[in-house]
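Okay, so here's the structure we're looking at.
Numbering (the numbering used here), first residue to last: 4 to 245.
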């Protein structure tokens, strides 16, 4: 029960890795705030946690909108008078070569994947007293494939932001880390045309959302108290193989 009594805010908690992370933290006693623009998915996550005996609420949030983020963080901090963990998992991809990628699509990916991490960190830090921020990056920050430039750039930026923010948070006793998943069995993976065509080889190295949730829980827990500013790659050896 590493998160007993702690309030944990999870973005993108309506499906995939975010849902798995929310359920994992709840299973260890965390009080979960699910922030997602997908109301049906977010409410389903809350229902699943409640059915398992946990405690959770849903806050509909456009993670790229500063006012929405502020409201979500304030709601989380007021719920039980504290905020202990923030998991930034909300993410999206586009699948266009740079020569045809629209500026709007580029901005949309950076807004959801990177701007949101800045916003949630900025608004959460005044409430955090100790605790942890865990950002969900990707192996695409380290090696990537064609036609996902915006996604790769956003994840590379996330990891650089994590390192920089960890330096600012030393005096606050807040740890800031990343988890970089490889291929994980989520709707986002199977929507990737590179995977469908076989250009991106994932067979035999596909993880489960629960695998990533375990890593997130470790970095968010007190036992990782001596780890900050780092990225934990959880990819089934993908980067070692390539």
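Glycine is no exception: its CB is placed at the ideal position from the N, C-alpha and C atoms.
It should be emphasised that the depicted structure is a prediction, and the values quoted were computed from it without experimental measurement.
Within 8 Å, strictly: CB atoms of residue i and residue j
| i | j | result |
| --- | --- | --- |
| residue 39 | residue 33 | no |
| residue 152 | residue 117 | no |
| residue 126 | residue 63 | no |
| residue 175 | residue 131 | yes |
| residue 11 | residue 106 | no |
| residue 234 | residue 162 | yes |
| residue 26 | residue 60 | no |
| residue 22 | residue 67 | no |
| residue 186 | residue 208 | yes |
| residue 90 | residue 219 | yes |
| residue 13 | residue 108 | no |
| residue 232 | residue 166 | yes |
Neighbour-count burial assignment, residue i, 16 or more Cβ in a 10 Å radius
| i | result |
| --- | --- |
| residue 184 | buried |
| residue 3 | Since the first residue of the chain shown is 4 and the last is 245, residue 3 is not available in this structure. |
| residue 4 | exposed |
| residue 229 | exposed |
| residue 170 | exposed |
| residue 28 | buried |
| residue 119 | buried |
| residue 124 | buried |
| residue 84 | exposed |
| residue 8 | exposed |
| residue 155 | buried |
| residue 80 | buried |
| residue 173 | exposed |
| residue 103 | exposed |
Closest by C-alpha distance to residue i, when choosing among the options
| i | options | result |
| --- | --- | --- |
| residue 82 | 171, 15, 223, 37 | 37 |
| residue 30 | 240, 55, 16, 48 | 55 |
| residue 142 | 173, 133, 240, 113 | 240 |
| residue 179 | 134, 9, 150 | 134 |
| residue 211 | 237, 233, 221 | 237 |
| residue 112 | 76, 65, 90 | 65 |
| residue 242 | 144, 215, 168 | 144 |
| residue 57 | 85, 159, 35 | 35 |
| residue 75 | 15, 19, 103 | 15 |
| residue 19 | 85, 86, 159, 213 | 213 |
| residue 223 | 168, 182, 96, 198 | 182 |
| residue 150 | 168, 101, 172 | 101 |
| residue 194 | 42, 99, 69 | 99 |
| residue 48 | 17, 71, 41 | 17 |
If contact is defined by three or more beta carbon pairs under 8 Å, each pair taking one atom from either stretch, is the region 190-200 in contact with the region 126-144? no
Runs of 3 residues minimum, wholly inside the region 122-195: which ones carry the beta strand (DSSP E) assignment? 131-139, 178-184
With a floor of 3 residues, list each beta strand (DSSP E) that falls wholly inside the region 35-66, ordered by position along the chain. 58-63
Please give the ranges of any beta strand (DSSP E) in the region 67-96, keeping only runs that are unbroken, at least 3 residues long and fully inside the region. 86-91
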